[in-house]
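So the protein sequences, as listed, match chains A and B. Start counting the first sequence at 15; every next residue gets the next number (my numbering). Start counting the second sequence at 15; every next residue gets the next number (my numbering). Glycine residues also receive a C-beta, built at the ideal position from the N, C-alpha and C atoms. Computed from a predicted structure; not experimentally measured. Notes for the one structure printed next.
There are 2 protein chains.
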Amino acid sequence: MNRLSKEDIEAKLLRFPDWEYFDNAIHAEFEFENFKDCFSAMSRIAFECEALNHHPNWSNVYNVLTISLSTHDAGGVTNKDFKLAEAIETIVEQEE
Amino acid sequence: MNRLSKEDIEAKLLRFPDWEYFDNAIHAEFEFENFKDCFSAMSRIAFECEALNHHPNWSNVYNVLTISLSTHDAGGVTNKDFKLAEAIETIVEQEE
Numbered sequence: 015m016n017r018l019s020k021e022d023i024e025a026k027l028l029r030f031p032d033w034e035y036f037d038n039a040i041h042a043e044f045e046f047e048n049f050k051d052c053f054s055a056m057s058r059i060a061f062e063c064e065a066l067n068h069h070p071n072w073s074n075v076y077n078v079l080t081i082s083l084s085t086h087d088a089g090g091v092t093n094k095d096f097k098l099a100e101a102i103e104t105i106v107e108q109e110e
Numbered sequence: 015m016n017r018l019s020k021e022d023i024e025a026k027l028l029r030f031p032d033w034e035y036f037d038n039a040i041h042a043e044f045e046f047e048n049f050k051d052c053f054s055a056m057s058r059i060a061f062e063c064e065a066l067n068h069h070p071n072w073s074n075v076y077n078v079l080t081i082s083l084s085t086h087d088a089g090g091v092t093n094k095d096f097k098l099a100e101a102i103e104t105i106v107e108q109e110e
């Protein structure tokens, strides 16, 4: 899995308006009604992560979920990150 | 719920060797076998948080869970944080 160039990442991000590229990773923040809704989305995302064998750096405070994705072995952002970002978007759209 | 003094917090922390006090909150880091075990513990902790109506500032990267507890309304650490820390310890001991 090759690390994508800054240009490739920025081109791909046009389809991901919730996500930003900085510090060698892609980042998004999602806000939910409350903690329960937020953690429900996290649980569904956790299953996707296991299925894709790719795991986020993520934080939660009450109803806010902050996610950063990068591919450690590649030293940057790869298509694996965009695949997981897409799965996350699908889940969040259903839960938000 | 009153904010505890530094002395009170440090006295209480003697019973919580995994936790440290700094930046006006108590903090712990827990390591698990893998992501699944880590997220399982997080799920059990999430139920406790809802039951206690008290929520952490927490982060996860693969098998590592980092938790910070403070009571926003009190502007610091209160007995609510120690109650949740105790519940977290019980869960983590069973999962780790």
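Tell me the DSSP bridge mates of residue i?
{"i": "residue 71 of chain B", "result": "A:75, B:82"}
{"i": "residue 44 of chain B", "result": "B:79"}
{"i": "residue 90 of chain A", "result": "A:85"}
{"i": "residue 39 of chain A", "result": "A:36"}
What residues from chain A crowd round residue i, counting only those whose CB sits closer than 8 angstroms?
{"i": "residue 49 of chain B", "result": "60, 63, 64, 69"}
{"i": "residue 19 of chain B", "result": "Going along chain A, no residue has its Cβ under 8 angstroms from residue 19 of chain B, so there is no contact; the nearest lies around 25 angstroms."}
If the cut is a Cβ gap below 9 angstroms, which residues of chain A does residue i touch?
{"i": "residue 73 of chain B", "result": "71, 72, 73, 74, 80"}
If the cut is a Cβ gap below 7 angstroms, which residues of chain A does residue i touch?
{"i": "residue 53 of chain B", "result": "60"}
Please name the residue in the options whose C-alpha comes closest to that of residue i.
{"i": "residue 43 of chain B", "options": "B:49, B:50, B:63, B:34", "result": "B:34"}
{"i": "residue 27 of chain B", "options": "B:83, B:69, B:68, B:54", "result": "B:83"}
{"i": "residue 109 of chain B", "options": "B:63, B:81, B:58, B:98", "result": "B:58"}
{"i": "residue 98 of chain B", "options": "B:90, B:65, B:79", "result": "B:65"}
{"i": "residue 78 of chain A", "options": "A:15, A:23, A:36, A:53", "result": "A:53"}
{"i": "residue 63 of chain B", "options": "B:101, B:45, B:46", "result": "B:101"}
Taking only the alpha-carbon atoms, compute the straight-line gap between residue i and residue j and give it to the nearest angstrom.
{"i": "residue 71 of chain A", "j": "residue 72 of chain B", "result": "11 angstroms"}
{"i": "residue 68 of chain B", "j": "residue 25 of chain B", "result": "22 angstroms"}
{"i": "residue 87 of chain A", "j": "residue 50 of chain B", "result": "20 angstroms"}
{"i": "residue 31 of chain B", "j": "residue 61 of chain A", "result": "32 angstroms"}
{"i": "residue 95 of chain B", "j": "residue 55 of chain A", "result": "25 angstroms"}
{"i": "residue 105 of chain A", "j": "residue 21 of chain B", "result": "45 angstroms"}
{"i": "residue 41 of chain A", "j": "residue 38 of chain B", "result": "27 angstroms"}
{"i": "residue 29 of chain B", "j": "residue 103 of chain A", "result": "42 angstroms"}
{"i": "residue 19 of chain B", "j": "residue 17 of chain A", "result": "49 angstroms"}
{"i": "residue 93 of chain B", "j": "residue 93 of chain A", "result": "46 angstroms"}
{"i": "residue 76 of chain A", "j": "residue 48 of chain A", "result": "7 angstroms"}
{"i": "residue 89 of chain B", "j": "residue 15 of chain A", "result": "46 angstroms"}
{"i": "residue 74 of chain B", "j": "residue 80 of chain B", "result": "6 angstroms"}
{"i": "residue 36 of chain A", "j": "residue 91 of chain B", "result": "33 angstroms"}
{"i": "residue 23 of chain A", "j": "residue 85 of chain B", "result": "39 angstroms"}
Cβ closer than 7 angstroms: which chain B residues qualify as neighbours of residue i?
{"i": "residue 57 of chain A", "result": "57"}
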